[in-house]
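Using numbering that gives the first Met the number 0, you'd call the opening residue of the sequence shown number 0 and step up by one each time.
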Amino acid sequence: MHMNKFFALFGFAILFSQVAVAQSTPSLAKLKSNAAVKHDESTPMVADKTFIKSMGAVVEQTYFGNKTAPILMASFEGLGESFVGPQGTATLRNPSDNSLAVGLDHIVQIVNSRMAIFSKKGKTFTASGRPLYGPVETRNVFRGFGGPCENMNNGDAVVRYDQLANRWLIVMPTFRKGISRNIDTATKQRIAQIQPGAAAQLFQPPLTKEIPLVNGQRPPMPTPPADGKFCMCYAISTSSDPMGSYYRYEFERELFPDYPRPTVWPDGYYTTTSTGDDVIEKHAYVVDRNKMLKGLDAKEQSFIIKDVNFIINADLDGQQLPPVGAPSIMMATGGSQLKNVLEDDGIYMWNYHVDWNNFSKTKIEGPIKIAVAPYHYLGGGQLTKAVPQPETDQHLDAQGDKLMARLVYRKIGNRESIVGVHSVTTAVGGGGVRWYEFLVNKNRTVKLHQQGTYAPDSNFRWMASAAIDKKGNIGIGYSFGGKNDFPGQRFAGRHFGDPLGKLTLNEVVLVQGEAAQTNTLRWEDYTQTAMDPSDDETIWYVGDYLKKGAKNYSSRIGAFKLGKK
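Structure follows, in structure tokens:
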């Protein structure tokens, strides 16, 4: 056991104490992909339940911001029902798993198992939103690579734009076991495959028109091989052009790699995953970013952490770097839906130190509890009927048990901050966006700077995603709906220096829902913000809605500026 000092800020009381960090001596057993596998078990996360409801309401913002709403700079249709692109149409499943990334001249969207590329107004294109590529299967980026990455098209793929290198990162899990490209299928012997090999041009499929499935149900899958492996597939572009060539990597996984959350940090691409919905077990992986940007052979290191909620790493926005050697910060909510602990009064953090020269020095330190206003999971957690809709008894899932993507890191001068969001129950019985801004201390612990629950009326606001622009302003997009409003998408924000804990900019509508989703309770699973690297000020956001008479969702992509203070 290690003993770590930490401080927790709650109200005006500062508490200094010692916590026992339940991190066992890391095991250095190797994965088949030559990744160092390590195991860690955290201390239990226990909330003071007596304060949950009364104290949680203290931080609720029950009014709209009185400043001018964020400026909607652009808005266009993304992947979804009725979308038509150069490769035709696509049948999309629930949930959408919406992911968005923005580069210098392009916008890339991945929805479940399909991707598309759009124009972005600037030096190359005169307008944003023109489909340039797609919809295509996400695995197209792995065409010719071999193994499960090429042979299996999978959902939950995520796209990021690495602003530090002006490169695109696409991460795709495989949800069925397959035979690795490192196995000779004839002899079943392991072979020394060079990875990534030569960069490959993005494949251009022909025009197709998919036949919609009944209620978006998945087709039957083939039986996986008994001796196969799960894997995580990485594709890194060789330039700022997403339609150019990519370095491709396959890393084998022993455990089911659900709900990946890749993030950008100077010393690695960090990705957390989950073994599944019925087990409390999370995975914290990191791959060698610097080698992958050069197309060199790269390694992956990992921990398996038990008895924690979904953990997410901080994702870097902007060009200012954290101090050299600074660990990646990971955070999670408290409580445990599977143990029927649906409330807590803390956010928990870990420091992930990676050493690419000596794997034995790679370590995770934590958890450290940061005291926050008590909260109760919206809907009681994930995969529950949380949000009502008009004209139907079908309620929607809120994923209320976890911090949502992205957990955003931004350095401005000497100030380092992290913003996180999750969905909570409000005092009036609706749903609100709980948001936090933490400041990073010199010793790489964090302290709570401000917090709030955005709940200006009795409707539901949930499944949010946040961003911090170059001025320190905070923008948050989220789903909006309720018993009188079909689910749609809205956006609010605040200026740096405004009263703490308040979204002072009035709410703006990105898209108004026109119909209820009745075929499933699964709604999005997550939405996504992305900072525009061209000005480091425009915040892009994507989320779902249904058009009038539609049977399945559409997505709307918007760009916002928060204006002058």
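Even glycine gets a Cβ: it sits at the ideal position worked out from N, Cα and C.
Query, Result
"Report buried or exposed for N472, applying the criterion of at least 16 other Cβ atoms within 10 angstroms of its Cβ.", "buried"
"Have a look at L438, V423, I109 and V157 and flag the residue whose alpha-carbon is nearest the alpha-carbon of G79.", "I109"
"Considering just the uninterrupted stretch of the alpha helix (DSSP H) at R288, what are its terminal residues?", "R288 to L292"
"Touching or not, the region 432-439 and the region 514-523, by the rule of three or more beta carbon pairs under 8 Å?", "no"
"By how many angstroms is the C-alpha of L382 removed from the C-alpha of Y408?", "28 Å"
"With a threshold of 16 other CB atoms inside 10 Å of the CB of D524, please say whether the residue is buried or exposed.", "buried"
"When the Cα atoms are used, what is the spatial distance from V432 to R180?", "43 Å"
"Just confirm the distance between the C-beta atoms of P256 and F229, as a whole number of angstroms; I'd bet it's less than 8 Å.", "5 Å"
"Near S533, what residues of its chain come up, given a Cβ to Cβ distance below 7 Å and the 5 sequence neighbours on each side ignored?", "L103 and G121"
"Please state the DSSP three-state secondary structure of R433.", "strand"
"On the DSSP bridge assignment, give the partners of V423 in chain order.", "Y376 and G431"
"To the nearest angstrom, report how far apart F141 and G496 are at their CA atoms.", "46 Å"
"Going by DSSP, name the residue or residues bridged to P261.", "T270"
"I believe V422 touches G399 by the beta-carbon criterion, under 8 Å. Please report the beta-carbon distance rounded to the nearest angstrom.", "With the sequence shown as reference, residue 422 is identified as Ser, and Val is not the correct amino acid for it. S422 to G399, Cβ: 5 Å. Contact."
"Assuming contact is defined by CB atoms lying nearer than 9 Å, are K187 and G227 in contact in what I supplied?", "no"
"Is DSSP giving K122 helix, strand or coil here?", "coil"
"Can you give the Cα-Cα distance for R92 and N111, rounded to whole angstroms?", "7 Å"
"Distance check for Y477 and D316, CA to CA, integer angstroms please.", "19 Å"
"Using a 10 Å radius around the Cβ and a threshold of 16 neighbouring Cβ atoms, would you call A197 buried or exposed?", "exposed"
"Would you check if there are 3 or more beta carbon pairs closer than 8 Å linking the region 145-160 to the region 117-135?", "no"
"Given this structure, state the Cα-to-Cα distance separating I467 from G133, to the nearest angstrom.", "30 Å"
"I'd like the list of long-range same chain contacts for Q511, defined as Cβ closer than 6 Å, with 5 residues on each side in sequence excluded.", "G487"
"Please say whether A56 and A426 have beta carbons closer to each other than 9 Å?", "yes"
"Let me confirm a value: I475 is counted as buried when at least 16 other C-beta atoms fall within 10 Å, else exposed. Which label applies?", "buried"
"With distances taken from CA atoms, which of E390, Q449 and F559 is nearest G548?", "E390"
"Can you tell me whether N308 is helix, strand or coil according to DSSP?", "coil"
"What are the boundary residues of the beta strand (DSSP E) that E506 is part of?", "L504 to V510"
"Thinking I556 and I106 are a contact (beta carbons under 8 Å), I'd like their distance in whole angstroms, please.", "7 Å"
"If you count every other CB in all the chains shown that lies within 10 Å of the CB of I190, and 16 or more means buried, which is it?", "exposed"
"Can you check which of these residues, S239, G412, E253 and A331, is closest to Q318 by C-alpha distance?", "G412"
"Short check: CB of E506 to CB of F485, under 9 Å?", "no"
"Taking the continuous beta strand (DSSP E) assigned at N65, which residues delimit it?", "Looking at the DSSP string, N65 is not in any beta strand (DSSP E), and its letter there is neither H nor E."
"S23: buried (16+ other C-beta within 10 angstroms of its C-beta) or exposed?", "Legend: pLDDT at S23 = 31, less than 50; position of this residue unreliable, value from coordinates given subsequently. Exposed: under 16 other Cβ atoms inside 10 Å."
"If you drop the 5 nearest sequence neighbours on each side, which residues of the same chain put their C-beta closer than 7 Å to that of R252?", "K228, F229, C230 and M231"
"From what residue to what residue does the alpha helix (DSSP H) around E253 run?", "No alpha helix (DSSP H) contains E253, which DSSP labels as neither H nor E."
"Ordered along the chain, which non-local residues of its own chain (more than five positions away) have a Cβ less than 7 Å from that of L395?", "A385, V386, Q388, P486, Q516, L520 and W522"
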